[in-house]
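One structure below.
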Amino acid sequence: MILLDAIHIILPLLMIVSALIAVYLKDLVAATIALASMSLLLSLEFYILQAPDVAIAEAGVGAALTTAILILAIKATKRTEEEEE
Amino acid sequence: MKGMSTIVKTIANIGFPIITIYGLYVIAHGHLTPGGGFQGGAIVASGLALLAVAHGTSWVESKVKEHDLSMLESLGALGFIGLAFLGLLMGGAFFSNFLVDTSMLFGAIPVDGAANINTGGTLPLMNFAVGLKVIAGLFAIVLVMAIATNKEED
Chain A
1 MILLDAIHII
11 LPLLMIVSAL
21 IAVYLKDLVA
31 ATIALASMSL
41 LLSLEFYILQ
51 APDVAIAEAG
61 VGAALTTAIL
71 ILAIKATKRT
81 EEEEE
Chain B
1001 MKGMSTIVKT
1011 IANIGFPIIT
1021 IYGLYVIAHG
1031 HLTPGGGFQG
1041 GAIVASGLAL
1051 LAVAHGTSWV
1061 ESKVKEHDLS
1071 MLESLGALGF
1081 IGLAFLGLLM
1091 GGAFFSNFLV
1101 DTSMLFGAIP
1111 VDGAANINTG
1121 GTLPLMNFAV
1131 GLKVIAGLFA
1141 IVLVMAIATN
1151 KEED
């Protein structure tokens, strides 16, 4: 299956891209959404690797609960990251 | 933390029952389909976290106390280990599946490998116990985080 092999290469590359976006963004809520999308892509990769159990757990904990906790933490502090001197 | 806008609250109110029923489905079908106690509990807890983020900390704090959540979590652990010791008492071995091949709940034996919800013996009951523990535990984490950040703001 050439298509499946291509997906196995494309998905990790997209994960790396979204992780880099999460690092470079100054708006912390947007960075949190980028992290959640990385988690969602990881759960898709788990599903393609025939592990639906791990995929469901990853989608529930990684994409939903971590995002909620990070948004609660950002609400108590500042939304934008300050520039370093 | 105050609640978000009316749009967010309405969408959270619509989405919460759907997410909860899907999570309970994953828990109840744990012995037939992918998923189980932990996965379904994580889904239900994420629905509760959605409500907590949308409606604000003080609204959630007035509805549920952290003390009740830790009590529910302990109840789930006690149910799991109680079922295991009940197997020792009735089946002769720790974790023995004493309910299978009886006329009681979840006691049937599947015919020709067909999927039947009324099978599995004690496994669905253990999934329920684990699901209760995971729902209470993960939502307690979110609630403690919300309360801690709320105190910081005052």
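Going down the list, the sequences are from chains A and B.
Under our numbering, the first residue of the first sequence carries the number 1, and numbering increases by one thereafter.
Under our numbering, the first residue of the second sequence carries the number 1001, and numbering increases by one thereafter.
Positions of the beta carbon are idealized from the N, C-alpha and C atoms, including for glycine.
The structure presented is a predicted model; accordingly, all values stated were derived computationally and were not measured.
Check each candidate in the options and name the one with the smallest Cα separation from residue i.
| i | options | result |
| --- | --- | --- |
| glycine 1041 of chain B | B:Asn1150, B:Thr1149, B:Leu1132, B:Val1142 | B:Leu1132 |
| isoleucine 1141 of chain B | A:Leu72, A:Leu3, A:Thr80 | A:Leu72 |
| phenylalanine 1094 of chain B | B:Phe1080, B:Asn1150, B:Ser1103, B:Val1008 | B:Phe1080 |
| glycine 1047 of chain B | B:Ala1148, B:Thr1149, B:Leu1143, B:Asn1150 | B:Leu1143 |
| valine 1064 of chain B | B:Leu1075, B:Gln1039, B:Leu1051, B:Ser1074 | B:Leu1051 |
| glycine 1015 of chain B | B:Asn1097, B:Gln1039, B:Ala1054 | B:Ala1054 |
| alanine 1148 of chain B | B:Tyr1025, B:Glu1066, B:Ser1005 | B:Glu1066 |
Indicate whether residue i and residue j have their beta-carbon atoms separated by less than 8 Å.
| i | j | result |
| --- | --- | --- |
| isoleucine 74 of chain A | valine 29 of chain A | yes |
| glycine 1023 of chain B | asparagine 1127 of chain B | no |
| histidine 1031 of chain B | glycine 1120 of chain B | yes |
| isoleucine 48 of chain A | alanine 34 of chain A | no |
| alanine 1129 of chain B | glycine 1076 of chain B | yes |
| alanine 1049 of chain B | leucine 4 of chain A | no |
| isoleucine 56 of chain A | proline 1034 of chain B | yes |
| leucine 1088 of chain B | phenylalanine 1106 of chain B | no |
Give the straight-line distance between the Cα atoms of residue i and residue j, rounded to the nearest whole angstrom.
| i | j | result |
| --- | --- | --- |
| isoleucine 10 of chain A | leucine 1086 of chain B | 50 Å |
| threonine 32 of chain A | threonine 67 of chain A | 6 Å |
| serine 39 of chain A | alanine 1012 of chain B | 21 Å |
| leucine 1123 of chain B | threonine 80 of chain A | 48 Å |
| alanine 76 of chain A | leucine 1099 of chain B | 50 Å |
| methionine 1145 of chain B | glycine 1003 of chain B | 16 Å |
| isoleucine 1007 of chain B | lysine 78 of chain A | 23 Å |
| isoleucine 1021 of chain B | glutamate 83 of chain A | 45 Å |
| alanine 1114 of chain B | aspartate 1101 of chain B | 16 Å |
| serine 1103 of chain B | asparagine 1118 of chain B | 10 Å |
| isoleucine 69 of chain A | leucine 1072 of chain B | 21 Å |
| threonine 1057 of chain B | phenylalanine 46 of chain A | 34 Å |
| asparagine 1150 of chain B | valine 1060 of chain B | 12 Å |
| glycine 1082 of chain B | isoleucine 1027 of chain B | 19 Å |
| methionine 1 of chain A | isoleucine 1109 of chain B | 38 Å |
| isoleucine 1043 of chain B | valine 61 of chain A | 8 Å |
| lysine 1009 of chain B | leucine 1069 of chain B | 23 Å |
| glutamine 50 of chain A | serine 37 of chain A | 20 Å |
To which residues of the same chain is residue i closer than 6 Å at the C-beta, ignoring the five residues directly before and after it?
| i | result |
| --- | --- |
| isoleucine 1018 of chain B | none |
| alanine 1045 of chain B | Ile1135, Leu1138, Phe1139 |
Enumerate in chain order the residues of its own chain whose CB-to-CB distance from residue i is below 8 Å, with the five nearest sequence positions on each side excluded.
| i | result |
| --- | --- |
| leucine 41 of chain A | Leu11, Leu14, Met15, Ser18 |
Is there a Cβ of chain E sitting closer than 8 Å to that of residue i, yes or no?
| i | result |
| --- | --- |
| valine 1053 of chain B | Among the chains of the structure shown, chain E does not appear; the protein chains present are A and B. |
Between the stretch 1005-1020 of chain B and chain A, which residues of the former have a C-beta closer than 7 Å to a C-beta of the latter? Per Cβ criterion, the list is empty.
So if I threshold CB-CB distances at 8 Å, which residues from the stretch 3-35 of chain A count as touching chain B? Against chain B - using a Cβ distance shorter than 8 Å - the stretch 3-35 of chain A contributes no residues.
Determine which residues of the stretch 73-85 of chain A have a Cβ less than 8 Å from any Cβ of chain B, and write them out in chain order. Here the close residues are Ala73, Lys75, Ala76.
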